[in-house]
Structure formats: structure tokens, C-alpha cells
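Visitor: Pasting a structure here, questions to come.
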Amino acid sequence: MSKKTLIPIGPYHPLQEEPELFKLYCDGEIVKDIKWETGYNHRGIEKLSESKTYEQVFFLVERICGICSNSHPFAFANAVEEIAEIDLTNRAKYIRSIIGELERIHSHLLWVGLAGHFLGYNTVFMWAWKYREPVLDLFEMISGNRNSYAMFKVGGVRRDIEETKIPVIQKILDDVKKKTDLLTGAIMDDPVIHARTKGVGILTKQDIIDYGAVGPTARASGVAIDVRKDDPYAAYPLVNWKVITAETGDVFAKAEVRLLEMYESISIIEQCLKGLKKEKPGEISVKVKEIPEGIGNGRAEAPRGEVFHFVQSDGSNSPARHKIRAPSYVNIATFKKSCIGQTISDATISLAAVDPCYCCTERMAVAYDLKSGDKLMNANELINESVKRTNELKKTIKSKL
Amino acid sequence: MDTELIIEKFKEKFKSDILDTVIKNQRRIIITINPDSILYVAGYLYRTEGFRFIIATALHTKKGFEIHYHFSKDDAGLILNIHVILDKDNPRIESLSNLFNASNWIEREMHELFGIDFLNHPNQEKLLSEGNWAEGVYPLRKEFK
Numbered sequence: 389m390s391k392k393t394l395i396p397i398g399p400y401h402p403l404q405e406e407p408e409l410f411k412l413y414c415d416g417e418i419v420k421d422i423k424w425e426t427g428y429n430h431r432g433i434e435k436l437s438e439s440k441t442y443e444q445v446f447f448l449v450e451r452i453c454g455i456c457s458n459s460h461p462f463a464f465a466n467a468v469e470e471i472a473e474i475d476l477t478n479r480a481k482y483i484r485s486i487i488g489e490l491e492r493i494h495s496h497l498l499w500v501g502l503a504g505h506f507l508g509y510n511t512v513f514m515w516a517w518k519y520r521e522p523v524l525d526l527f528e529m530i531s532g533n534r535n536s537y538a539m540f541k542v543g544g545v546r547r548d549i550e551e552t553k554i555p556v557i558q559k560i561l562d563d564v565k566k567k568t569d570l571l572t573g574a575i576m577d578d579p580v581i582h583a584r585t586k587g588v589g590i591l592t593k594q595d596i597i598d599y600g601a602v603g604p605t606a607r608a609s610g611v612a613i614d615v616r617k618d619d620p621y622a623a624y625p626l627v628n629w630k631v632i633t634a635e636t637g638d639v640f641a642k643a644e645v646r647l648l649e650m651y652e653s654i655s656i657i658e659q660c661l662k663g664l665k666k667e668k669p670g671e672i673s674v675k676v677k678e679i680p681e682g683i684g685n686g687r688a689e690a691p692r693g694e695v696f697h698f699v700q701s702d703g704s705n706s707p708a709r710h711k712i713r714a715p716s717y718v719n720i721a722t723f724k725k726s727c728i729g730q731t732i733s734d735a736t737i738s739l740a741a742v743d744p745c746y747c748c749t750e751r752m753a754v755a756y757d758l759k760s761g762d763k764l765m766n767a768n769e770l771i772n773e774s775v776k777r778t779n780e781l782k783k784t785i786k787s788k789l
Numbered sequence: 002m003d004t005e006l007i008i009e010k011f012k013e014k015f016k017s018d019i020l021d022t023v024i025k026n027q028r029r030i031i032i033t034i035n036p037d038s039i040l041y042v043a044g045y046l047y048r049t050e051g052f053r054f055i056i057a058t059a060l061h062t063k064k065g066f067e068i069h070y071h072f073s074k075d076d077a078g079l080i081l082n083i084h085v086i087l088d089k090d091n092p093r094i095e096s097l098s099n100l101f102n103a104s105n106w107i108e109r110e111m112h113e114l115f116g117i118d119f120l121n122h123p124n125q126e127k128l129l130s131e132g133n134w135a136e137g138v139y140p141l142r143k144e145f146k
């Protein structure tokens, strides 16, 4: 029996944005076993939810994750509306799907960037995150927030998408589509990315079924499950789109599935915008009197896979029991299959390939003078300043040469 | 496959173990079974009918401890809740983790937060609070303040 070296990644590691501990047991370069420790981020949300009213729970579950902050309210709304047997207006359905798909685009772009970062390919990281920005700006325009949009409530949505905003959304979408073409082309044809991701971190169909993995992780291994198709909710049955799958189950297949899914998302949003024009403005929610006794199983397809919420109501104004299962809960467990037998450098990208949920809530700030209240600098001025300084730096370097 | 057909076959096979059936609609069904038969029922759903284990929810109610095992039949869009009611004082049930890995973590979590024992679990360690939580204190039980 050979000796094994323990290589810890985390709990506070520069590569991980959230605290978690991976223990890699290695023989030389090869990972022989992996253990995962969590709980550093446990906030007791299920218990907390029992002390909030149904309206408040939306804001609570939105804060489970900063990236897919919309998918938890989506699943929760589906669960509660199942208990109370509420039918939404078409306009609310379209708006919900638009928000859900915009989120998928920005989340997948974020993952592509992070994957590039994990591979040491920072150009991809810079590109993907740059192209993600306009999507967040869209969110700010629609909901007032770049993250944690607070758009959902029982029986509908909180804000309407006005007619005047539709051309602006369409224009940004066209732009995102062009950039996605660029990014997809660059990644699919890049020999470095092929060398680093093909045949790495393979999950077979049987692994997916055994671990109950969901979302792009499952679809990249040829298991075509997608809640939007299987158990349709919101406006997904009203529009045309297809489930993207790949067969090989390696990291490349997961990247491929995510990149191609973005096109489907763009197409869904475009169809929803068209549908929105036919509906009467302002009809975004229905009146809800009370939530009767009963249980509801709500699910929604988050960018990472199926989010599941189980709600038990005792007829009062807050849930008696609220169980939440995020997709990473089942996807992270597949590390035992995907990492063992890999080299340490490949293990990191295999870990990242399921897109474990990372929070991203940092945003551009505008600085104000505390005393006078004057704006010191806004985003554009900061960018201009940065460009100016880069040019100055270039000049000095040139003069020295 | 038709939801009704699946349920008919299920009822036929586990006639003596079914205590109650609630059919909310074609996509949501709750079947209460005898806890002793959980391993056979889960094995039948997973191996023969191709159900996917989503997650399990434990509840602490007046009846005692309850578990809803959520199974999904993806091509029918069906969520089947297999519901069991466990003993008030000594909640224990057979583990499903030897059948599929998907239930490994959630059973550890339920053991940790509710104090339900999962018999023959391969590794019933704490999942979330290893080393920083008192033994025998279960935060999701109703008496916990």
C-alpha cells in the first residue's frame, strides 16, 4: 500500500469565493480519494423560513444564492401556488420566464469565465465577465437591482415590463448573441481548452442516475432532464425551444451544453417579449386571499439544475415546514466519481465543472463626498480615468525602449 | 408513460403496505406507506420504474416524525411523495444509501438536524456541523428554541 499525501483546498482558499473544504488524498500527482466538508456557510434558512410570512420568505430565499437568486423564489412560488391552486395571468408567466432566462445567460457566462480562470486561461475570464455586464444592466433596468431582483410574489410578479423597454431589451439581447457567437467560437476551436477539458472529469450516465445529478451536469452525460420541459411551469409551455444535451460527460461537454443553452435562452426571451406585446399591460398578478392547509412540491430549472422546494402549510400565514434543495447539493456529491484518478490540476476544473454555487454580489460603486454630498466620480469617469492612465503608462514604456 | 398506469401497478404490487393515497393531480401524488417496506418500495421505484430520487424532507409534527421521500418520474413530470410516519420517541428507518448515492447526504442531514436514525447507513457522520455542535441537540425539532 502506497503512502497518500493530503492536499487541502479550503476552507478559505483564494480560488474559492465561498468557504468549503476539499481534502484530496493524492499519490504523487494522482487523486486517489476525495472528502468534502461543508457547513461553513450554513445559515439555518429552513428554520428561519418558518418564522416569516409567505411574502417575506421570497426575500429570504432570494438570498440563498447571489447568482441564481431568482430560481429559489421561482420554485417557492410554484410550491405555494400549487397549495393555493392559483392560476397566473399570461403576462406574469412571460415576465417570470424572461427573468429566469436572463439569469441563465448571466450565470452561464459567469461559469464560462470562472472555468477559464480555473484553467489559468484568464482571457476567457475577462471576456465572459465583460459580456455578462450588459445582462446585469438589463436586470437593473427591469427590476431596479442587478442581483436579488425581488420580482416574484405569490400570484404573480411585482413589476411590469413596459412596452418602451422592449426595444432596449431586444437590442442588448442582439448584442449578447453576437458576443456569445464570438465566445462559443473561441472556446469550441481552442486547442488549449480541448487539451485541458476533453476526457477530463467524466461522469457516465449511470453515475448521474446513481447520484441523482441534475441540470447541465446531467445533460452533458446524455441524461435529458430539464424541469422546464418535463414539468412545465410559467411561460415555458407557450414557447418553442429544445433541451441541449451532449454525450461524453467530460468538462468540455458541460461547457458545450452551457454555451448552447444560452442561445435557447435568448430565443425563449425573444418569444416571451413577442408574447408580452399581445397581453394587456398591468395584469401582472392575481389577488391571493389566504394559503390553505396542504403541501406543495415546487420546482424550477435553475442555471445549475433543478431547484426543489417543499412547503407544508398549516393554514396560517407562514410555512409550517419549508425544505429547500439546491442543485449543487446533488451535483457536488458527484466529485467522488469525477475527480478520482485525475491529476491535481485536472481535479480543480472537474470540481468547477458542476458550477458549485458561488456568490457574486460585488458591484460598481459611485463615490460621494460625505460632507457636501457631491458626486466624486461615476462609472464612466472611472473607466475614462483607467484608459487615460493606461495610455500614459504605454507612453512611458515606449519612451524607455 | 401514463401516471395512472404507474400508480395502478404500484398499488397492485404493494397492496398490503399502502396506508393512504392522495392524488392531487396527474403530476403530484402522495402515498403513505408502512415504514418497514421503504427499502422495497424505493428499490422498485428506482430500479424497475426509473424514478429519480430528488430529496427527502423530514417533519416533526404531532404524529411524531414524518419523512416525505420525493421521487421524480421525469418523462411524466410526476413528483411522487412516499410518506412514512415514524415513532415519536425512537425514530428510525432503513437507509436508502446502499441503493443509490443520492440519499447519502440528506440522510446524514436528517440524522443531524432531527435525530432520526438511518439503519445500515454507510457513514452516518454529521454533514453540516462536524465538531461545533452539541451531541443530542436537534435544531429542527419543534422543541428547539
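Which chain is which? The protein sequence lines are U and H, in order. Position in the first sequence (from 1) plus 388 gives the number in our numbering. Position in the second sequence (from 1) plus 1 gives the number in our numbering. All residues carry an ideal CB built from backbone N, CA and C; glycine is no exception.
To be precise: take each residue of the region 539-558 of chain U, compare its Cβ to all Cβ atoms of chain H, and keep it if any distance is under 9 Å. Which residues remain?
Guide: So nothing in the stretch comes that close.
Visitor: Spell out whether any CB of chain U is found under 7 Å from the CB atom of SER130/H.
Guide: Output row for SER130/H: interface = yes.
Visitor: If you follow the beta strand (DSSP E) that VAL699/U is in, where does it begin and where does it stop?
Guide: Run containing VAL699/U: 693-701, per the beta strand (DSSP E) assignment.
Visitor: Using 7 Å as the limit for Cβ to Cβ distance, is ARG142/H near chain U?
Guide: Answer no: the Cβ-Cβ gap between ARG142/H and chain U never drops below 7 Å.
Visitor: Using the three-state DSSP reduction, which class does ILE732/U fall into: helix, strand or coil?
Guide: Helix, per DSSP.
Visitor: If I'm right that ARG584/U touches LEU507/U with Cβ under 8 Å, what's the distance once you round it to whole angstroms?
Guide: That belief holds up - the Cβ atoms of ARG584/U and LEU507/U are roughly 5 Å apart, short of 8 Å.
Visitor: Within 10 angstroms of the Cβ of ASP734/U, are there 16 or more other Cβ atoms? Answer buried if so, exposed if not.
Guide: Answer is buried; the Cβ neighbour count reaches 16.
Visitor: What does GLY663/U touch in chain H if you count any residue whose Cβ is under 8 Å from its own?
Guide: Those do not exist, as GLY663/U stays about 22 Å from chain H at its closest Cβ, beyond 8 Å.
Visitor: At the 7 Å Cβ level, is ARG713/U part of the contact set with chain H, yes or no?
Guide: Yes, contact with chain H.
Visitor: My output table needs one value for THR749/U: the three-state DSSP class, helix, strand or coil.
Guide: With a pLDDT of 29 at THR749/U, under the threshold of 50, the modelled position of that residue is not reliable, and no figure is offered here.
Visitor: Are the region 706-722 of chain U and the region 419-436 of chain U touching, with three or more C-beta to C-beta distances below 8 Å?
Guide: Segments in contact, yes.
Visitor: For ASN102/H, go through chain U and note every residue whose CB falls closer than 7 Å to its CB, in chain order.
Guide: Within 7 Å Cβ-Cβ: ASP598, TYR599, ALA721.
Visitor: Let me confirm a value: GLU652/U is counted as buried when at least 16 other C-beta atoms fall within 10 Å, else exposed. Which label applies?
Guide: The residue in question, GLU652/U, is buried, as its Cβ has 16 or more Cβ neighbours within 10 Å.
Visitor: Please classify PRO715/U as buried or exposed, where buried requires at least 16 other C-beta atoms within 10 Å of its C-beta.
Guide: By the neighbour-count rule (16 or more Cβ atoms within 10 Å), PRO715/U is buried.
Visitor: Under 7 Å, do GLU671/U and ARG479/U count as touching if we go by C-beta distance?
Guide: For GLU671/U and ARG479/U, yes; Cβs fall inside 7 Å.
Visitor: Looking at chain U, is there any beta carbon in it that lies within less than 7 Å of the beta carbon of LEU20/H?
Guide: So no, LEU20/H is outside the interface.
Visitor: Answer with buried or exposed for HIS430/U, where buried requires no fewer than 16 other C-beta atoms within 10 angstroms of its C-beta.
Guide: So HIS430/U counts as exposed.
Visitor: Strictly under 7 Å for the Cβ-Cβ distance: is LEU60/H near chain A by that measure?
Guide: As a matter of chain content, chain A is missing from the structure shown, whose protein chains are U and H.
Visitor: Can you check the region 34-112 of chain H for any beta strand (DSSP E) of at least 3 residues that lies completely inside it and give the ranges in chain order?
Guide: Listed in chain order, they are 53-62, 65-74, 79-87, 93-95.
Visitor: Please work out which residues of its chain come closer than 8 Å, Cβ to Cβ, to CYS747/U, disregarding the five sequence neighbours upstream and downstream, and give them in chain order.
Guide: Low per-residue confidence applies at CYS747/U: pLDDT is 38, beneath 50, and the placement is therefore not dependable, though the value from the model is reported in the following sentence. The answer, listed in chain order, is GLU405, GLU406, CYS453, GLY454, ILE455.
Visitor: Does DSSP put ALA601/U in a helix, a strand or coil?
Guide: Coil at ALA601/U, not helix or strand.
Visitor: Taking Cβ-Cβ distances shorter than 9 Å, what residues in chain U pair up with ASN82/H?
Guide: Here the neighbours are ILE683, ASN685, PHE698.
Visitor: I think ILE19/H touches LEU81/H, with their Cβ atoms under 8 Å apart; what is that distance to the nearest whole Å?
Guide: About 12 Å separates the two Cβ atoms, so there is no contact after all.
Visitor: Any heavy atom of the ligand FAD closer than 6 Å to the beta-carbon of GLU658/U?
Guide: The model depicted lacks the ligand FAD and carries no ligand whatsoever.
Visitor: Who are the Cβ neighbours of LEU128/H in its own chain at under 8 Å, not counting the five residues just before and after it?
Guide: These residues qualify, in order along the chain: TRP106, ARG109, GLU110, GLU113.
Visitor: Are the C-beta of HIS430/U and some C-beta of chain H separated by less than 7 Å?
Guide: Chain H, which has a Cβ nearer than 7 Å to the Cβ of HIS430/U, makes this yes.
Visitor: Within the same chain, show all residues whose beta-carbon is closer than 6 Å to that of ILE590/U, passing over the 5 residues directly before and after it, in chain order.
Guide: So the list reads GLY637, ASP638, once near-sequence residues are dropped.
Visitor: Please list the residues of the region 610-640 of chain U that have a C-beta atom closer than 8 Å to any C-beta atom in chain H, keeping them in chain order.
Guide: Within the region 610-640 of chain U, the residues whose Cβ lies closer than 8 Å to some Cβ of chain H are ILE613, ASP618, ASP619, PRO620, listed in chain order.
Visitor: Pull the bridge partners of TRP424/U from the DSSP assignment, please.
Guide: The partner list for TRP424/U (beta bridge, DSSP) reads PHE410/U.
Visitor: Which of helix, strand or coil does DSSP assign to ARG29/H?
Guide: Three-state DSSP puts ARG29/H in a strand.
Visitor: Is VAL695/U closer than 7 Å to ALA463/U when the C-beta atoms are compared?
Guide: For ALA463/U and VAL695/U, yes; Cβs fall inside 7 Å.
Visitor: Could you tell me the alpha carbon to alpha carbon distance between ILE581/U and ILE575/U, rounded to whole angstroms?
Guide: Between ILE581/U and ILE575/U, the C-alpha separation is close to 7 Å.
Visitor: Comparing C-alpha positions only, which one of SER104/H, LYS74/H, GLU144/H sits nearest to VAL718/U?
Guide: Comparing Cα-Cα distances from VAL718/U to each of SER104/H, LYS74/H, GLU144/H, the minimum goes to SER104/H.
Visitor: Can you give the Cα-Cα distance for VAL496/U and ARG687/U, rounded to whole angstroms?
Guide: Contrary to the premise, residue 496/U reads as His rather than Val in this sequence. If you take the alpha carbons of HIS496/U and ARG687/U, they lie about 20 Å apart.
Visitor: Is ILE728/U near VAL468/U, with beta carbons less than 7 Å apart?
Guide: No, Cβ-Cβ distance for ILE728/U and VAL468/U is not below 7 Å.
Visitor: Would you give the residue range spanned by the beta strand (DSSP E) that ASP118/H belongs to?
Guide: Here the beta strand (DSSP E) through ASP118/H covers 118-120.
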